[in-house]
Structure formats: structure tokens, C-alpha cells
């Protein structure tokens, strides 16, 4: 009995880190998706309950309200999580790291102050716009090139095809919505439309991370059963 105890403890100790790693990656994926999902409604709720905060025509414009801490905090959290998350390949990891850095840049370099309409673009607002577009471009590239890397573990071909279709649709949405937001900002003078399009871009980004989390969770469950 005594001779087998050290061996069982060693086995438990060796198996534990793998579970911790899986749980850590799960938390990071949920943090990335959750932050993108929570940000738009959280800003709307803040504007509704706090008389000091007006409803702004874009997510970024909330930087100039007391809700700045929420806007900056969530974007920085998403950026840090993307950098901390290690992709399945070097290419994916590089794209996610760059996207994470850009998310922080978007948070810290504000857009143009909506209280100064007609003012010339500032260096900060230009950096903000370029970083925001580049963020979604890199996110879509990571989905397009590497979103299907883990589908080899999906045994059912029909399920695998569904995931592939879902990832292809999300690639298009992650690219289209930011471009549409730029067009709306240029042509439409409606905060509701612009805010909704920006929120949709974040939701498309979040949807990929939720689908990927579901895919990996099911694959890991099957492996454990086997």
C-alpha cells in the first residue's frame, strides 16, 4: 500500500497541469468573447441610468464620458487576453498578438471628440481609426487561415462541414461590419445606426470565439471519454 501512494500522487500531479492549461484557455476565450458581447449593452445601460452620460453615436465616443473607464477597461482586457492566448500555430499566434496590441491602441488613443464637430482629424483619432480597422482585419485573417486548424478532431464529417461554414460566414461578417461602420459614419447622421453596426462587428468577433470554444469543448470531452 505504501509503495503505491507516491506513484498515484505523481500521476495526479502530472495530469493536473493539463487540466489547468485547458481551463486557462477556456477562461481566456470566454473573456475575449464576453468582453465583446458585454461592452455595447453595458455602455447603453450606463447612459440610461447615469444622467451625466449621454448616448453617443459610436462606441468610441464614450471615451469622452464618465463611461470611459468601462470602454477602456474592457478593450484592454480583450487585448491582454488575445496576447496571452497562444494560437495553435505560429501564424495564428502572431495575428492574435498583433490584434491584442491593436485593441489596446484603440482603447488608449481616442477618436475625435464629438463635442467638436467639423474639427480636423487629430493624430490620435487617425491612429484610433486605423488601429480599429486593422484589429478586425487581423481577427478575420486569423479566422480565415487558422479557424479550421482544430477541425481534424471532429469525427463527424457533417459537423465538421457546419463548423467550416460557420467560420467562413464569420470571416465575412468580421470584415463587412467594420467597413459598413465607416460608410455609416460618413453618410448617415444617426447614432442608432452607427452604434448598432459597431456592436454587430464586435458580436461577429465574439461569435467566433464562442463557436470555437464550443467546438474545442466537445472535442476534449470526446477525447476524455475515449
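Residue numbers (the numbering used here): -1 to 224. Note that beta-carbon positions come from the ideal geometry of N, C-alpha and C, so glycine has one too. What you are looking at is a predicted structure, and each value in this text was computed from that prediction instead of being measured.
DSSP state of residue i mapped onto helix, strand, coil
i           : result
residue 193 : helix
residue 113 : coil
residue 168 : helix
residue 224 : Low per-residue confidence applies at residue 224: pLDDT is 45, beneath 50, and the placement is therefore not dependable, though the value from the model is reported in the following sentence. It is coil, neither helix nor strand.
residue 144 : helix
residue 57  : coil
residue 63  : coil
residue 23  : helix
residue 85  : coil
residue 206 : helix
Proximity below 8 Å, CB of residue i to CB of residue j
i           : j           : result
residue 192 : residue 138 : no
residue 130 : residue 176 : yes
residue 125 : residue 206 : no
residue 152 : residue 161 : yes
residue 79  : residue 26  : yes
residue 46  : residue 68  : no
residue 214 : residue 31  : no
residue 127 : residue 62  : no
residue 199 : residue 134 : yes
residue 211 : residue 72  : no
Supposed contact pair residue j and residue i - C-beta distance, whole angstroms, cut 8 Å
i           : j           : result
residue 109 : residue 59  : 6 Å
residue 132 : residue 100 : 5 Å
residue 81  : residue 98  : 4 Å
residue 64  : residue 43  : Incorrect: roughly 13 Å between the Cβ atoms, too far for contact.
residue 35  : residue 204 : 5 Å
Inter-stretch contact at 8 Å, needing at least 3 Cβ pairs: the segment 77 to 88 / the segment 137 to 153
Judged by Cβ distances under 8 Å, the segment 77 to 88 makes contact with the segment 137 to 153, as three or more pairs qualify.
Three CB pairs or more closer than 8 Å across the segment 49 to 66 and the segment 193 to 204
Touching, per the Cβ criterion.
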